[in-house]
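One structure below.
Protein chains: 2
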Amino acid sequence: MTSTQPENLPEISPAEWEVMRIVWTLNGAQTHELISSLQEKMDWTESTIKTLIRRLQQKGYLQRQGTQRPYVYQATITEQAGINQQTDALFANLCAMHVGPTLIRLVKNNTLSQQDLTELSQLIATKQATAPAVVACDCLADCQVENQGECHE
Amino acid sequence: MTSTQPENLPEISPAEWEVMRIVWTLNGAQTHELISSLQEKMDWTESTIKTLIRRLQQKGYLQRQGTQRPYVYQATITEQAGINQQTDALFANLCAMHVGPTLIRLVKNNTLSQQDLTELSQLIATKQATAPAVVACDCLADCQVENQGECHE
DNA sequence: AAAATAAGTCTACAATTGTAAACTTAACTC
DNA sequence: GAGTTAAGTTTACAATTGTAGACTTATTTT
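Protein sequences, first through last, are from chains A and B.
For the first sequence, position 61 matches number 60 in numbering that gives the first Met the number 0, and the numbering has no gaps at all.
For the second sequence, position 74 matches number 73 in numbering that gives the first Met the number 0, and the numbering has no gaps at all.
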């Protein structure tokens with residue numbers, strides 16, 4: 000897997016993630032926008048949201064625009080970069096053997112556009128040229144050596 | 000997305016996840032196996048590992064086998080179920096518009112077996128019949144209505 | 001300019017998580 | 001069966017996270 004930690008920023012927590020989504024979606028947002036958007040979805044007080052905004056600034060994911068007071072908060076990384084960070088963190092800890100079935104399941108369960116599917120399909124065709132017959136488990140340091148494929152049995 | 004919370008067990012934390020991987024891989028394990036396996040990878044004391052084992056039991060993810068003392072700890076959910084739980088939790092919080100590119104990236108960056116690729120390819124062919132031209136953002140409750148596709152611009 | 005409001009900061013506190021020492025109990029070894 | 005060792009339990013403590021009240025400072029309104 001390729002690791003995509005843009006800098007070495009600390010991770011975005013689930014609650015903080017909700018704030019980032021709005022900022023990304025609106026391409027920057029003011030406090031009151033964040034408050035009203037988030038309160039439609041989450042049962043949070045203003046105070047909670049302000050805390051999350053502050054922590055995201057401290058962590059380096061949000062930056063204020065300008066010096067006048069209705070500040071606009073901007074994200075310091077793109078949404079896709081944020082998503083990559085989250086997915087990479089997750090996939091880095093999955094058994095290699097289970098990644099295939101997991102991706103199949105995700106493709107199955109999510110709505111993809113025609114273009115996504117076309118791209119995927121091309122990508123797969125390319126990969127088929129060099130794909131191995133099986134992907135071995137990599138959960139144990141010595142799995143291949145000692146268990147010779149006997150792990151997960 | 001399909002939600003896969005097998006029961007309503009609390010979530011498995013990252014450190015706990017490492018323990019589960021070994022249990023899954025070895026199809027059940029004793030304390031000393033967990034300790035030696037994990038210490039090859041993580042810089043943890045025995046004590047830390049014992050704590051994680053205990054918490055996993057409390058959370059309902061590990062169960063002891065038998066009554067004699069070298070207990071064997073068994074997982075109460077399959078590895079794939081655990082992985083599904085983790086990935087579903089993550090994907091449930093991604094903007095629908097970004098799921099496609101994210102899956103493409105994951106397929107690109109991971110090693111898949113010939114069979115995985117074949118299955119994926121068939122799945123994609125099936126999906127192409129009914130896939131929409133575009134997948135709209137679902138970050139804001141009223142994104143479609145109010146922003147008419149203007150979000151994320 | 002005074003009042004009202006919105007924005008921002010400070011402080012707080014409980015739950016979860018990472019990390020681990022110390023203690024107890026069962027099992028194995030001589 | 002006494003001692004050693006492995007396993008299991010209890011307790012602990014700091015960091016992070018979720019959650020939020022209270023206070024301060026700008027900004028806007030009348």
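Backbone N, C-alpha and C fix where the C-beta goes; we use that ideal spot for every residue, glycine too.
This structure is a prediction, so every number in the text was calculated from the model and none was measured.
Relative to the C-alpha of B:Asn-7, which residue among B:Gln-38, B:Pro-100, B:Ala-130 and B:Ala-80 is closest? Closest by alpha carbon: B:Ala-80.
Own chain partners of B:Arg-63 with C-beta closer than 8 Å, once the 5 adjacent residues on each side are dropped: The residues are Gln-56, Tyr-70, Val-71, Tyr-72 and Gln-73.
With burial defined as no fewer than 16 other Cβ atoms inside 10 Å of the residue's Cβ, what is the status of A:Glu-15: buried or exposed? Taking all protein chains in view, the Cβ of A:Glu-15 is crowded by 16 or more other Cβ atoms within 10 Å, so the residue is classified as buried.
How long is the line joining the alpha carbons of A:Gln-4 and B:Gly-27, rounded to whole angstroms? Legend: pLDDT at A:Gln-4 = 44, less than 50; position of this residue unreliable, value from coordinates given subsequently. Straight-line Cα distance between these residues: approximately 34 Å.
Start and end of the alpha helix (DSSP H) containing A:Gln-56? Looking at the DSSP string, the run of the alpha helix (DSSP H) that includes A:Gln-56 is 45 to 58.
Against A:Ala-130, what residues of chain B qualify as contacts under a CB-to-CB distance less than 8 Å, listed in chain order? Simply Thr-110, Leu-111, Ser-112, Gln-113, Asp-115 and Leu-116.
So A:Ile-52 contacts chain B; which residues on that side make the cut at Cβ distance below 9 Å? Within chain B, not a single residue places a beta-carbon under 9 Å from that of A:Ile-52; the smallest gap is close to 17 Å.
Please list the terminal residues of the continuous beta strand (DSSP E) segment that includes A:Val-71. Per DSSP, the continuous beta strand (DSSP E) segment holding A:Val-71 begins and ends at 71 to 74.
List, in order along the chain, the chain B residues whose C-beta lies closer than 7 Å to that of A:Lys-107? The answer, in chain order, is Leu-122.
Out of curiosity, what's the CA-to-CA distance linking B:Gln-67 and A:Trp-23? Whole-angstrom Cα-Cα distance: 56 Å.
Express the C-alpha separation of B:Leu-116 and A:Lys-126 in angstroms, rounding to a whole number. Going from the Cα of A:Lys-126 to the Cα of B:Leu-116 covers about 8 Å.
I'd like the span of the beta strand (DSSP E) that includes B:Gln-64, first residue to last. Counting along the chain, the beta strand (DSSP E) containing B:Gln-64 begins and ends at 61 to 64.
Quick one: is B:Trp-43 near chain A, going by C-beta distance under 8 Å? By this cut-off, B:Trp-43 is not an interface position.
Coarse secondary structure for B:Ala-28, derived from DSSP in three states: Strand, per DSSP.
Helix, strand or coil for A:Asn-109 per DSSP? It is coil, neither helix nor strand.
Against chain B, does A:Val-18 count as a neighbour if the rule is that its beta carbon must be under 8 Å from one of theirs? Judged by the 8 Å Cβ criterion, A:Val-18 is not in contact with chain B.
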